[in-house]
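Numbering (the working numbering), first residue to last: 486 to 640. In this text, a Cβ means the ideal position worked out from N, Cα and C, and glycines have one as well. Notes follow the structure.
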């Protein structure tokens, strides 16, 4: 696999994440706006010294993570329905093919993308950096590719 191909592949994920982040920021702002509006009329107030502050902050952070994962999965579901590939891979001319005899189905594609975003969000982005470095330096496939027997192949 050429070095150019490796950079295209890593870059495709970064581009997809940037696109998703734009939509996730809108959804996050709506989510935080609804929380602020709901707490405004109730007269509920808390400070960072209250016992309820940490659970509320945790709820907000977990909610934002779920929103990001949901928007990412919605984005890839829509891309797979329309393009049979992600938006960035389509324009970078990278296709998704299976290394096994099974054809790439929507469920396999979405499971792989879910693993990718789940580990990226759960590890605060370390999964992306570690896999990208391992792939570029040592040609080790990321765990989500190994698990679903997929690889990216040029057209």
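So for residue i, helix, strand or coil by DSSP?
i: residue 579; result: strand
i: residue 624; result: coil
i: residue 639; result: In this prediction, residue 639 scores a pLDDT of 45, lower than 50, which makes its location untrustworthy; the coordinate-derived value is nonetheless stated afterwards. Residue 639 falls in the strand class under three-state DSSP.
i: residue 537; result: coil
i: residue 553; result: helix
i: residue 491; result: helix
i: residue 610; result: coil
i: residue 571; result: coil
What's the call for residue i, buried or exposed, on a 16-neighbour Cβ count within 10 Å?
i: residue 627; result: buried
i: residue 624; result: exposed
i: residue 605; result: buried
i: residue 537; result: exposed
i: residue 507; result: exposed
Rounding to the nearest angstrom, what Cα-Cα distance links residue i and residue j in this structure?
i: residue 500; j: residue 611; result: 17 Å
i: residue 570; j: residue 556; result: 16 Å
i: residue 493; j: residue 544; result: 36 Å
i: residue 547; j: residue 631; result: 28 Å
i: residue 601; j: residue 629; result: 6 Å
i: residue 607; j: residue 592; result: 22 Å
Just to confirm the assignment, what range does the alpha helix (DSSP H) spanning residue i have?
i: residue 605; result: 591–607
Practice item. Could you say if the region 515–522 and the region 567–578 meet the contact criterion of at least three C-beta pairs nearer than 8 Å? Key: no
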